[in-house]
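Undergrad:
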Amino acid sequence: MLGKYDDFDAIKSYCTLNQINFAVIGPENPLELGIVDSLEEIGVKSVGPKKVLAQLETSKSFTRNLLTKYKIAGNPIFHIFATKNGLYDFIKQLNDKTGYVIKADGLMGGKGVKVSEDHLITVQEGVTYAEECIVNDGRVIVEEKFVGQEFSLMCFCDGKKVLGMPVIQDHKRAFENDQGPNTGGMGSYSDKNHLLPFLTQKDYADALAITQKVCDALKKETGQEYKGIIYGGFIAVKDGVRLIEYNARFGDPEAMNVLAILKTDFVDICLAITNGTLDKLAKVNNTDHANSFEIEFENKATVCKYVVPEGYPDEPVENEKIEVDEKKIHILGARAYYANVDEKKDSDGKSALYLTSSRAVALLGIANSIADAEKVAEAAVACVSGRVFHRKDVGTKELIDKRVRHMKEIRI
Ligand code: GLY
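Count the sequence shown with our numbering and you get residues 273 to 684, in order.
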């Protein structure tokens, strides 16, 4: 059934009519609007946090302050400004040392963060963007810039316990070699051992420990238990890991990497989240101590590549027909996941797919190595035709070697 995120009455009627047992909330906007609180009024539990807890994603200042208040490691040097007093001096100070990051406080679809050297060149450009954020949101977060490699660690959380999934590296920039504007994510990969080639077990454990502490702190701060997915965007730096931001949901494209290799029944996990019994589920499934995951995932590498409209993200072509050879994708052993496409009837009465303005279709390769999964994903991308492009470099040996070299250079 099609409907609007903010039409809670329609969503609740649908749940009642169809005797829905529980809901899994996908995107962040309904979480911000309080869909979980609203569904609870009619007795429907959710895999997704209540409005007050979703602030973990919907307010970057909330999250930075939470980590500071509960003495949780991972924050950068940062300051939250509600006026422009002191803004220039703080940005200049950071610019002289590490570089700076300016973050809009609220949800901006991944486009509210601007980084010195990448998006903003001078101190004054940073000040101008920060002032714009204050006008829009009432505040802005100014942070130190980190040098390192980013990774996504998504966890299942029942309000008490967090269980980590395989780690993923996403690619936010539109063009190869991490050039161009930020996007929702152009592609992502994960490795057979559920770590990443540039990451240590300790990095993983440190990131997981931060998320567990955040789960505990949220309970203390709000009196409510966080039930859902906590997605930490981390960066491995010279001397450990730091937190970039949290999302209160699965990542896109990261969800495709992990859910495609999940062995434990997803419904069992959802019920354990809503019932607060993840610890019991973990005991049942804890067969593979070697990789420290307590919910089972296949030991396979994955590479996901998004096919997007020409001109994406700034001036995407719209309403252009694309063709997807699903049969060939199936023969290749790849998977196709549709995102922003419309199915319409052409004049000959046949159904056809049309681009809307955002990421169109994701192609996923699963194999015994990242290199092999990349080949499968790339072959599947070739089965999509139309006015589209994708990042050829995601998951390639060349790109991964570069990431590994970078980490070695900063950790000598
Ligand atoms: N992959 C980034 C996000 O889902 O926000």
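Glycine is no exception: its CB is placed at the ideal position from the N, C-alpha and C atoms.
1) Is any heavy atom of the ligand GLY found at a distance shorter than 7 Å from the C-beta of E422?
2) Between which two residues does the beta strand (DSSP E) carrying F423 extend?
3) A645 and A573 - do their beta-carbons sit closer together than 8 Å?
4) Just to confirm, does G459 get its C-beta within under 7 Å of one of the non-hydrogen atoms of the ligand GLY?
5) If you measure from the CB of E304, is any heavy atom of the ligand GLY nearer than 7 Å?
6) Among A632, V395 and L467, which one has its Cα closest to the Cα of G658?
7) Closest to G457 by C-alpha separation, out of K317, V653, K577 and D665, would be which residue?
8) In three-state DSSP terms, what is G398?
9) Is any heavy atom of the ligand GLY found at a distance shorter than 7 Å from the C-beta of P525?
10) Could you tell me the distance, in whole angstroms, from the CA atom of K552 to the CA atom of K499?
11) List the endpoints of the continuous alpha helix (DSSP H) containing L359.
12) Round the Cβ separation of F350 and R675 to the nearest angstrom and send it over; I've been treating them as touching at under 8 Å.
13) Do P585 and T668 have their C-beta atoms within less than 8 Å of each other?
14) Would you mind working out which of N367, D409 and Q396 sits nearest T355, comparing C-alpha positions?
15) Beta strand (DSSP E) containing R514: first to last residue?
16) DSSP on Y626, reduced to helix/strand/coil?
17) Quick check on the DSSP output: the beta strand (DSSP E) that includes T692 runs from which residue to which?
18) Per DSSP, which residues does Y372 bridge with? Please list them.
19) Determine the closest residue to V324 out of G523, L303 and G431, with distance taken between C-alpha atoms.
20) Looking at V513 and D475, is the spacing between their C-beta atoms short of 8 Å?
21) Cutting at 7 Å between CB atoms, please list the residues of its own chain near P348, excluding the five before and the five after it.
22) Mind checking I393: buried by the 16 CB within 10 Å criterion, or exposed?
23) Relative to the C-alpha of E587, which candidate in S629, G548 and I601 has its C-alpha closest?
24) Using DSSP bridges, identify the partner residues of N571.
25) I need the straight-line Cα distance from K485 to T340, nearest angstrom please.
TA: In brief:
1) Your numbering for residue 422 matches position 150 in the sequence shown. No, since every heavy atom of the ligand GLY falls outside the 7 Å radius drawn around the Cβ of E422.
2) Reading the sequence shown from its first residue, position 151 is the one you call residue 423. From DSSP, the beta strand (DSSP E) with F423 extends over Q421 to D430.
3) Translated into positions along the sequence shown, residue 573 becomes position 301. Translated into positions along the sequence shown, residue 645 becomes position 373. Yes; because the gap between Cβ atoms is below 8 Å, this pair is in contact.
4) The residue you call residue 459 lines up with position 187 of the sequence shown. Not under cutoff, so the answer is no.
5) The residue labelled residue 304 in the question sits at position 32 within the sequence shown. No; taking the cut-off as 7 Å, the Cβ of E304 has no heavy atom of the ligand GLY nearer than that.
6) Here the question's residue 658 lines up with position 386 in the sequence shown. Nearest of A632, V395 and L467 to G658, Cα basis: A632.
7) Locating residue 457 in the sequence shown gives position 185, counting from the first residue. With distances taken between Cα atoms, G457 lies closest to K577.
8) The residue labelled residue 398 in the question sits at position 126 within the sequence shown. Reduced to three states, the DSSP call for G398 is helix.
9) Position 253 of the sequence shown, counted from the first residue, corresponds to residue 525. At least one heavy atom of the ligand GLY is nearer than 7 Å to the Cβ of P525, so yes.
10) Along the sequence shown, read from residue 1 onward, the residue named residue 552 stands at position 280. Along the sequence shown, read from residue 1 onward, the residue named residue 499 stands at position 227. Their backbone Cα atoms lie some 16 Å apart in a straight line.
11) Here residue 359 corresponds to residue number 87 of the sequence shown, with the count starting at 1. Per DSSP, L359 belongs to the alpha helix (DSSP H) from L359 to K369.
12) To locate residue 350, count along the sequence shown from 1; it is residue 78. To locate residue 675, count along the sequence shown from 1; it is residue 403. Contact doesn't hold; Cβ gap of about 26 Å is too wide.
13) Position 313 of the sequence shown, counting from 1, holds the residue named residue 585. Position 396 of the sequence shown, counting from 1, holds the residue named residue 668. Their beta carbons are not under 8 Å apart, which means P585 does not touch T668 by this criterion.
14) Counted from its first residue, the sequence shown places residue 355 at position 83. The shortest Cα separation from T355 among N367, D409 and Q396 belongs to D409.
15) To locate residue 514, count along the sequence shown from 1; it is residue 242. Start and end: G512 to N519.
16) Within the sequence shown, residue 626 is the residue found at index 354, counting from 1. Three-state DSSP puts Y626 in a strand.
17) Any property of residue 692 remains undetermined from this structure, which presents the chain solely from 273 to 684.
18) For this step, residue 372 is matched to residue 100 along the sequence shown. In the DSSP output, where bridge partners are listed per residue, Y372 has E416.
19) Indexing the sequence shown from 1 puts residue 324 at position 52. Among G523, L303 and G431, the Cα nearest to that of V324 belongs to L303.
20) As a working note, residue 475 is residue 203 in the sequence shown. As a working note, residue 513 is residue 241 in the sequence shown. Result yes, Cβ atoms of D475 and V513 sit closer than 8 Å.
21) What you label residue 348 is simply residue 76 of the sequence shown in a count that begins at 1. E415, E416, F418 and R514.
22) Taking the sequence shown and counting its residues from 1, one reaches residue 393 at position 121. When all chains shown are included, I393 counts as exposed.
23) In the sequence shown, the residue the question calls residue 587 occupies position 315. Ranking S629, G548 and I601 by Cα distance to E587 puts S629 first.
24) Translated into the one-based positions of the sequence shown, residue 571 becomes position 299. In the DSSP output, where bridge partners are listed per residue, N571 has none listed.
25) Along the sequence shown, one-based indexing puts residue 485 at 213. Along the sequence shown, one-based indexing puts residue 340 at 68. So the alpha carbons of these two residues sit roughly 12 Å apart.
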